[in-house]
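**Student:** Let me give you the structure first, and then I'll get to my questions.
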């Protein structure tokens, strides 16, 4: 236990050091208008995964088509680090996170879009902000369930914020928006496959407090996650957002079930790709626009 606690403390120190460099750099980049502000957070997330001990297996890739809305399932705060390490993206987050110490700052530095789900009128404003971000060419990540699960299942997707796709069409002059389903599945811990009883230990959901949960992840580490990118769904002005939400939900549920079955079979992890030592790229045809 002492060694695990020392490991967690060393991880906290390493992440704090990276933040001490990354936060001022990101503040400067945003103030100077350098790019879309996505590169520095992506590098930080990649470093964080190495420190925590998370290995990614990536099937497919983010679509090249724009405007792009990525809709994924949600099981843990780790989801943000995992997806943020793959591509420069912005996240849609619940409004209370903006006021959290430290995490609120990080969210703002990544240009997160905050939504107050208790106010119906807020949905319209958030949809407009999402549309503006997407039409500028910057992908936006929306956790379709609107909450987090125990990692063993995919909850029903909410359709309200998919209205941002329609906004992007109506106000941005785009003929269509692309909604890409993405699955995140935690499959192994310390080399052993996770099951129905053990997977929730990785998940952050319900009333679990975030700081003790983060400490447990840093202490125990060695997590394998499979991220699967589905084919993007072309959404034009005539599309039914509820039908789009159902289609995306079905695809995410299918990909998640497939990844979890693979973990149960103790699939072998291939050698990491040379450009990113912490990621394995599985062979799959690239998503087409």
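Numbering (UniProt numbering), first residue to last: 1 to 289.
Quick reminder that beta carbons are idealized off the backbone N, C-alpha and C, glycines included.
Treat the numbers as computed from the prediction; the structure is a model and nothing was measured.
May I ask which residues mark the beginning and end of the beta strand (DSSP E) holding residue 184?
**Tutor:** In the chain shown, residue 184 corresponds to position 184, counting from 1. Where residue 184 is concerned, the enclosing beta strand (DSSP E) stretches over 176-189.
**Student:** I need the straight-line Cα distance from residue 182 to residue 45, nearest angstrom please.
**Tutor:** Counted from its first residue, the chain shown places residue 182 at position 182. Counted from its first residue, the chain shown places residue 45 at position 45. Taking the straight line joining both Cα atoms gives about 18 Å.
**Student:** With burial defined as no fewer than 16 other Cβ atoms inside 10 Å of the residue's Cβ, what is the status of residue 170: buried or exposed?
**Tutor:** Working through the chain shown from its first residue, we reach residue 170 at position 170. So residue 170 ends up on the exposed side.
**Student:** Measuring CA to CA, which of 167, 34, 146 and 31 is closest to residue 157?
**Tutor:** For the purposes of this step, residue 157 is taken as residue 157 along the chain shown, with counting starting at 1. Of 167, 34, 146 and 31, the residue nearest in Cα terms is 146.
**Student:** Report all residues from its chain with a CB closer than 8 Å to the CB of residue 196; omit the five preceding and five following residues, and keep chain order.
**Tutor:** Counted from its first residue, the chain shown places residue 196 at position 196. For residue 196, where only same-chain residues beyond five positions count, the Cβ hits under 8 Å are 152.
**Student:** Distance check for residue 8 and residue 215, CA to CA, integer angstroms please.
**Tutor:** Numbered from 1 along the chain shown, position 215 holds the residue referred to as residue 215. Numbered from 1 along the chain shown, position 8 holds the residue referred to as residue 8. Taking the straight line joining both Cα atoms gives about 7 Å.
**Student:** Compute the Euclidean distance between the alpha carbons of residue 189 and residue 238, then round it to the nearest angstrom.
**Tutor:** As a first step, residue 189 must be located in the chain shown, where it is residue number 189. As a first step, residue 238 must be located in the chain shown, where it is residue number 238. Going from the Cα of residue 189 to the Cα of residue 238 covers about 44 Å.
**Student:** For the alpha helix (DSSP H) holding residue 29, just list the boundary residues, first then last.
**Tutor:** Start at 1 with the first residue of the chain shown, and residue 29 comes out as number 29. It spans 2-32 - the alpha helix (DSSP H) in which residue 29 sits, taken as one unbroken run.
**Student:** Could you pull out every residue in the same chain whose Cβ sits closer than 8 Å to the Cβ of residue 90, ignoring the five residues on either side in sequence?
**Tutor:** As a first step, residue 90 must be located in the chain shown, where it is residue number 90. Counting only Cβ-Cβ distances below 8 Å, and skipping sequence neighbours, we find 38, 110, 111, 112, 113, 133, 138, 139, 140 and 141.
**Student:** Would residue 210 be called buried (16 or more neighbouring beta carbons within 10 Å of its own) or exposed?
**Tutor:** Residue mapping note: residue 210 aligns to position 210 of the chain shown, counting from 1. Under this definition residue 210 is an exposed residue.
**Student:** Helix, strand or coil for residue 244 per DSSP?
**Tutor:** Position 244 of the chain shown, counted from the start, is the residue given in the question as residue 244. In this structure, residue 244 counts as helix in the three-state DSSP scheme.
**Student:** From the DSSP output, in three-state form, read off residue 83 for me.
**Tutor:** By 1-based counting over the chain shown, the position of residue 83 is 83. Looking at residue 83 - three-state DSSP - the assignment turns out to be helix.
**Student:** In this structure, does DSSP put residue 193 in helix, strand or coil?
**Tutor:** Residue numbering aside, residue 193 sits at position 193 when the chain shown is read from its first letter. It is a strand residue.
**Student:** Let me make sure I understand the geometry here. Which of 34, 14, 47 and 59 has the alpha-carbon closest to that of residue 298?
**Tutor:** Residue 298 lies beyond the residue range present for the chain, which begins at 1 and ends at 289; the question has no answer from this structure.
**Student:** So the alpha helix (DSSP H) residue 109 belongs to, where does it begin and stop?
**Tutor:** As a working mapping, residue 109 is identified with position 109 in the chain shown. Run containing residue 109: 103-109, per the alpha helix (DSSP H) assignment.
**Student:** If I'm right that residue 85 touches residue 30 with Cβ under 8 Å, what's the distance once you round it to whole angstroms?
**Tutor:** Looking up residue 85 in the chain shown gives position 85. Looking up residue 30 in the chain shown gives position 30. In fact, because the Cβ distance is near 20 Å, the residues do not count as touching under 8 Å.
**Student:** Do the stretch 226-244 and the stretch 87-103 meet, that is, are 3 or more Cβ pairs less than 8 Å apart?
**Tutor:** Result no; under three Cβ-Cβ pairs closer than 8 Å.
**Student:** Considering Cα atoms alone, identify which of 198, 68, 245 and 184 is closest to residue 81.
**Tutor:** As a first step, residue 81 is located in the chain shown; it is residue number 81 there, counting from the start. Closest option to residue 81, Cα to Cα, is 184.
**Student:** Name the residue from 56, 69 and 54 whose alpha carbon lies nearest to the alpha carbon of residue 241.
**Tutor:** As a working mapping, residue 241 is identified with position 241 in the chain shown. Nearest C-alpha to residue 241: 69.
**Student:** Out of 92, 65 and 103, point me to the one whose CA is closest to residue 16's CA.
**Tutor:** If you number the chain shown from 1, residue 16 lands on position 16. Nearest C-alpha to residue 16: 103.
**Student:** Per DSSP, residue 223 is paired with what?
**Tutor:** In the chain shown, the residue the question calls residue 223 occupies position 223. Note: residue 223 sits in a beta bridge opposite 54 and 189.
**Student:** Since residue 295 and residue 126 should fall inside the 8 Å C-beta cutoff, what is the C-beta to C-beta distance between them, to a whole number of angstroms?
**Tutor:** As displayed, the chain neither begins before 1 nor continues past 289, which places residue 295 out of reach and without an answer.
**Student:** Between the Cα of residue 248 and those of 259, 235 and 260, spot the shortest distance and give me the residue it belongs to.
**Tutor:** Counting from 1 along the chain shown, the entry for residue 248 is found at position 248. Nearest of 259, 235 and 260 to residue 248, Cα basis: 235.
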